[in-house]
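If you read the sequences in order, they're chains L and G. At position 95 of the first sequence the residue is numbered 94 (numbering that gives the first Met the number 0), and the sequence of numbers has no breaks. At position 107 of the second sequence the residue is numbered 106 (numbering that gives the first Met the number 0), and the sequence of numbers has no breaks.
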Amino acid sequence: MTLLVLVVDDEPDVEVLFRQQFRRELRGGRFTMEFAQSAAAALRRITDAAAASLILILSDINMPGMSGLDLLPKARAARPDVPIIMITAYGDAETKRMALEGGAEALLTKPIDFGMLRNEIETRVERAA
Amino acid sequence: MDQELIDALMRQHIGLEEPNVAAVFAQREAVQVADLNDEAASELNEITLRAGFRARLVAPLLRGEHVVGMLVVRRRTPGAFVQNTVDLIKTFAAQSAVAIENARLFHDVEASLQDLRTAQDRLVQTQKLASLGQLTAGIAHEIKNPLNFVNNFSAVSAELLDELRETLKSIKVVPEARDAIADLTDRLRDNLDKIVQHGKRADSIVKNMLLHSREGSGEHRPVDINALVEEAVNLAYHGARAEKQGFNVALERSFDPAAGKAEVFPQEITRVLLNLISNGFYAATKRKGQVNSEGYEPTLTAATKNLGDRVEIRIRDNGTGIPPEVKEKMFNPFFTTKPAGEGTGLGLSLSHDIVVKQHAGSIEVDTRPGEFTEFRVVLPRTAASQAKRGGQA
């Protein structure tokens with residue numbers, strides 16, 4: 000079963016960037032990545048039966064409509080087994096507190112440190128393998 | 000009355016123990032002495048007699064039940080004051096009391112109005128700072144998103160280019176084309192490195208902006224000044240060490256155990272101290288890097304001093320000092336002497352606003368180029384009219 004990482008961000012360029020940054024892992028089949036451009040779309044994807052192999056959700060916070068913080072409890076309720084890492088430009092203590100209280104496992108700030116993110120994903124991949 | 004007598008009376012302290020004064024104060028009624036020769040001897044009695052007076056009438060100036068002053072009338076001929084005169088003097092005393100009271104009230108109103116104006120000015124400044132802070136924070140966050148793409152796309156492009164060069168190695172091309180390809184990819188690689196480098200620079204500017212503009216400034220409360228300064232020194236020191244390899248400035252502390260507490264916005268004062276301390280580190284490090292710096296020991300001194308109703312904080316470095324033409328402009332917004340990318344030019348300007356406009360304190364600088372710079376911040380312990388900053392999140 001291919002392991003799946005879901006990335007939620009309203010900016011389409013995020014997909015281009017992630018696919019390039021993780022090109023080796025994706026090419027080697029370590030895991031696959033899917034992209035949702037809204038929290039609502041992400042929620043549909045999470046509850047989808049085909050998302051059984053989901054091991055990690057990476058979500059932006061500031062998105063039109065449902066925000067990443069609104070998505071958090073819903074996603075946690077649907078899939079308590081899947082950790083969520085928030086990625087945001089707002090790294091202040093208050094945002095961090097809200098994210099962690101909402102059930103996020105960690106909060107990464109933009110600009111994204113892909114070295115750190117790669118480690119986070121690898122840890123989950125190894126655990127799931 | 001001649002000038003000599005006026006001077007003598009002015010010098011005389013007339014206390015409640017004086018016979019007439021005590022009686023008037025106790026009875027709240029006019030009291031008279033028909034012949035001062037019959038009065039018990041006292042300095043006041045002697046002065047008055049020497050000046051040629053024989054009778055005295057003292058009427059109270061009353062504000063409600065309170066004696067706020069006394070009206071003294073003296074006459075050169077002995078004898079009791081007739082009732083008409085006493086009544087006249089009492090009426091005059093009553094009118095005077097009203098007039099004095101009005102003047103006092105007017106003065107109070109003026110003083111309150113001045114206090115109110117000062118408080119209002121400070122509130123406006125505080126709000127300005129707050130909205131400037133919010134605006135900066137908003138802009139900084141918005142810049143972070145595109146910056147994320149700039150930095151990460153350029154970094155990944157550099158990697159992709161390396162892969163492209165590896166791939167091209169396995170392809171046979173004519174030597175001229177190979178040279179051209181090597182030259183072009185080298186230049187592309189250099190350019191990408193420059194984009195990464197400048198993107199990181201922009202990122203650190205944004206980080207600094209956010210640091211300078213944390214929304215709201217927390218609460219206004221009594222704070223232990225020595226602890227606040229100690230914390231700021233440590234923060235700045237570790238920040239500098241983390242930022243620059245080989246950073247080394249000796250720290251000296253001279254804390255007055257009686258420095259005590261002052262009512263401040265601790266977060267804002269910390270921001271001021273961080274600015275002053277990191278400027279000091281910068282100047283000391285810069286002097287260390289100059290020629291003829293042998294035997295030079297870069298040192299920063301933080302000192303506090305109890306000034307009664309105020310407290311003083313001094314941050315001194317033995318660095319490059321500040322030339323007069325810079326000293327003139329250094330509190331202006333966006334003025335900086337640091338190389339592009341190292342300073343926003345907002346540090347001292349914000350520090351000035353925080354200390355002077357928000358805390359009603361003062362900030363002064365003493366410096367000698369090539370020798371030292373010392374910033375002296377004086378904060379009032381309490382500022383009753385100090386503006387409270389609203390509850391921004």
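Using N, Cα and C, we set each Cβ at its ideal position, and we do this for glycine too.
Looking at chain G, which residues of the region 28-47 of chain L have a Cβ within less than 8 Å of any of its Cβ atoms? none
Among L:R22, L:N61, L:R18, L:F30, which residue has its Cα nearest to the Cα of D8 (chain L)? L:N61
Is E33 (chain L) near the ligand NAD - that is, is its Cβ less than 6 Å away from at least one heavy atom of it? Ligands in the displayed structure: none, and consequently the ligand NAD is not present.
Below 7 Å CB to CB, which residues in the same chain sit around A33 (chain G) once its five sequence neighbours on both sides are set aside? A54, P77, G78, A79
By the 10 Å Cβ neighbour count, where 16 or more other Cβ atoms means buried, how is G279 (chain G) classified, buried or exposed? buried
Per-residue burial, Y295 (chain G) [other beta carbons within 10 Å of its own, 16 or more giving buried]: exposed
Mark S203 (chain G) as exposed unless 16 or more other C-beta atoms lie within 10 angstroms of its C-beta, in which case mark it buried. exposed
I'd like the list of long-range same chain contacts for R164 (chain G), defined as Cβ closer than 6 Å, with 5 residues on each side in sequence excluded. T184
Just list the residues that DSSP pairs S253 (chain G) with in beta bridges. G:A302
The region 283-290 of chain G / the region 321-333 of chain G touching (three or more Cβ pairs under 8 Å): no
Is it right to say M329 (chain G) is buried, meaning 16 or more other beta carbons lie within 10 angstroms of its own, or is it exposed? buried
So what's V30 (chain G) in DSSP terms, helix, strand or just coil? strand
Going by other Cβ atoms of all chains shown within 10 Å of its Cβ, with 16 needed for buried, is P256 (chain G) buried or exposed? exposed
Taking only beta carbons into account, state which residues of the region 67-94 of chain L come closer than 8 Å to chain G, listed in chain order. A88, Y89, D91, E93
Can you name the residues of chain L whose CB is closer than 8 Å to the CB of V195 (chain G)? Those within 8 Å of V195 (chain G) in chain L number zero; the least Cβ separation is about 11 Å.
Flag K143 (chain G) as yes if its beta-carbon sits less than 7 Å from any beta-carbon of chain L, otherwise no. yes
Segment limits, alpha helix (DSSP H) that includes T76 (chain G): From DSSP, T76 (chain G) is part of no alpha helix (DSSP H); its letter is neither H nor E.
Kindly indicate if chain G contains any beta-carbon less than 7 Å away from that of P63 (chain L). no
Just by C-beta distance, which residues in the region 101-112 of chain G are closer than 7 Å to chain C? Considering every chain present, this structure includes no chain C. Its protein chains are L and G.
Would you mind reading off the limits of the beta strand (DSSP E) that contains L55 (chain L)? 53-59
So which residues on chain L does F152 (chain G) lean against when the C-beta distance must stay under 7 Å? L16
Is it true that the CB of I86 (chain L) sits closer than 7 Å to the CB of L107 (chain L)? yes
What three-state label does DSSP hand T336 (chain G) in the structure shown? coil
Please classify L8 (chain G): does DSSP put it in a helix, a strand, or coil? helix
Of the residues G:L115, G:A50, G:E141, the one placed nearest E3 (chain G), counting alpha carbons only: G:A50
Does the CB of F148 (chain G) have a neighbour CB from chain L at under 7 Å? yes
Interface flag, D12 (chain L) vs chain G, CB-CB below 7 Å: yes
As assigned by DSSP and simplified to three states, the class of P59 (chain G): strand
Whole angstroms is fine: what's the gap from E267 (chain G)'s alpha carbon to H197 (chain G)'s? 30 Å
Assuming V400 (chain G) contacts T284 (chain G) under a Cβ cut-off of 8 Å, what Cβ separation, rounded to an integer in Å, is found between them? Because chain G here runs from 0 to 392, residue 400 (chain G) falls outside it and cannot be looked at.
Compare the C-beta of I111 (chain L) against all C-beta atoms of chain G and say whether one is closer than 7 Å. yes
C-alpha gap between L273 (chain G) and A231 (chain G), whole angstroms: 6 Å
V124 (chain L) to I56 (chain L), Cα distance in whole Å? 13 Å
Below 7 Å between beta carbons: does that hold for Q26 (chain G) and L56 (chain G)? no
Curious, which full-length alpha helix (DSSP H) runs of at least 4 residues does the region 196-246 of chain G contain? 224-242
Using a cut-off of 9 Å between C-beta atoms, extract the partners of D178 (chain G) located in chain L. Those within 9 Å of D178 (chain G) in chain L number zero; the least Cβ separation is about 29 Å.
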